[in-house]
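Read the structure below first, then the notes.
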Amino acid sequence: MKKRINLYVDVELLNYIINKSKERNKTMTDIITEALLLHRLIDRREEVKKVIDTLGNLDLG
């Protein structure tokens, strides 16, 4: 059973993640965490794990 999630991504946030992903010393988890915190989409780091777990479980195909 597939779960469907509506995910709206801010273009500025997406650009930030893409640009930061070119830095070799950061993991994608670190970059997404930093981006979400900077753009005030989440307030606490505990929520980051939930967001990343959700993104990791998405079927984008």
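Residues in the sequence shown are numbered consecutively from 3, following my numbering.
Each residue gets a CB set at the ideal place from its N, CA and C atoms; glycine is no exception.
All values reported here derive from a predicted model rather than from experimental measurement.
Query                                                                                                                                                                                  : Result
If you draw a straight line from the alpha carbon of VAL13 to that of ASN21, how long is it in whole angstroms?                                                                        : 12 Å
Please classify LEU40 as buried or exposed, where buried requires at least 16 neighbouring CB atoms within 10 angstroms.                                                               : exposed
Would you give the residue range spanned by the alpha helix (DSSP H) that LYS22 belongs to?                                                                                            : 13-22
Give every residue of the same chain whose Cβ lies closer than 7 Å to the Cβ of ILE33, excluding the five residues on either side of it in the sequence, and list them in chain order. : ILE19, LYS22 and SER23
In terms of residue numbering, what span does the alpha helix (DSSP H) encompassing THR1 cover?                                                                                        : There is no way to answer for residue 1, as the model of the chain reaches only from 3 to 63.
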